[in-house]
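Peer 1:
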Amino acid sequence: MSESAAKPYLIRALYEWCGDAGYTPYLAVKVDENTKVPTAFVKNGEIVLNLSPGATHKLTMDNHWILFNARFGGLSHEVAVPMAAVTGIFAKETGYGLAFKAGQPGDSPGSPPAAPVEGGNGKAETKPRPKLQIVK
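Residues 57 to 192 in the numbering used here are what the sequence shown lists, from first letter to last.
1) Please work out which residues of its chain come closer than 8 angstroms, Cβ to Cβ, to aspartate 118, disregarding the five sequence neighbours upstream and downstream, and give them in chain order.
2) Give the secondary structure of tyrosine 82 by DSSP, where H, G and I count as helix, E and B as strand, and everything else as coil.
3) Does the beta carbon of cysteine 74 fall short of 7 angstroms from some heavy atom of the ligand FAD?
4) Under 8 angstroms, do alanine 84 and glutamate 72 count as touching if we go by C-beta distance?
5) Look up isoleucine 67 in the DSSP assignment and say whether it is helix, strand or coil.
6) So, are the CB atoms of proline 81 and alanine 158 less than 8 angstroms apart?
7) So for threonine 95, helix, strand or coil by DSSP?
8) Helix, strand or coil, according to DSSP, for alanine 155 in the structure here?
9) What's the gap between the Cα of glycine 78 and the Cα of asparagine 90?
10) Assign alanine 136 to one of three DSSP states: helix, strand, or coil.
11) Please state the DSSP three-state secondary structure of glutamate 149.
12) Taking the CB atoms as reference points, tell me whether lysine 99 and threonine 143 lie closer together than 8 angstroms.
13) Decide if proline 138 is buried, meaning its Cβ has at least 16 other Cβ atoms within 10 Å, or exposed.
14) Looking at the unbroken beta strand (DSSP E) that takes in asparagine 125, where does it start and where does it end?
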């Protein structure tokens, strides 16, 4: 079995192992034109994402995409990562995990499917935070 065929299964297995062991799963991603992440958090063409249940909302992992919503700087963002862009998954606390070669541009299966969003309008939530004020 090739690495690309086994990769989604290995990522899901390490994700479940982290959860069972009480560790925080982190995903290392090589950002390209098919990867949808907040660009302000990309460093040197890469980003590391916290995949823990407390950090993500509506996480789905299939054989082609990892999709979820997460807060970055207080704002909700849709995240879509093609499996080809994943360069590793590891436990934050121990560093134990697996590293993968990043796929070549064009290896991903096209556009990501519509990611689930909290608002249901197909756009990332960008509402300003509510402000408290004194009413006399």
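Positions of the beta carbon are idealized from the N, C-alpha and C atoms, including for glycine. Predicted model only: the values in this text are computed from it and were never measured.
Peer 2: So, from the listed chains and residues:
1) The beta carbon of aspartate 118 is closer than 8 angstroms to those of Pro64 in its chain, skipping five residues each way along the sequence.
2) Strand, per DSSP.
3) This structure lacks the ligand FAD; in fact it carries no ligand of any kind.
4) No, the Cβ-Cβ distance between alanine 84 and glutamate 72 is not below 8 angstroms.
5) Here isoleucine 67 sits in helix by DSSP.
6) Not a contact, by the Cβ cut-off of 8 angstroms.
7) Helix.
8) Strand.
9) Between the C-alpha atoms of glycine 78 and asparagine 90 there is a straight-line separation of about 31 angstroms.
10) Alanine 136 falls in the strand class under three-state DSSP.
11) Residue state, collapsed to three classes: coil.
12) Taking 8 angstroms as the cut-off, the beta carbon of lysine 99 is found no closer than this to the beta carbon of threonine 143.
13) Counting other Cβ atoms within 10 Å of its Cβ, proline 138 reaches 16 or more and is therefore classed as buried.
14) Unbroken beta strand (DSSP E) run through asparagine 125: 121–128.
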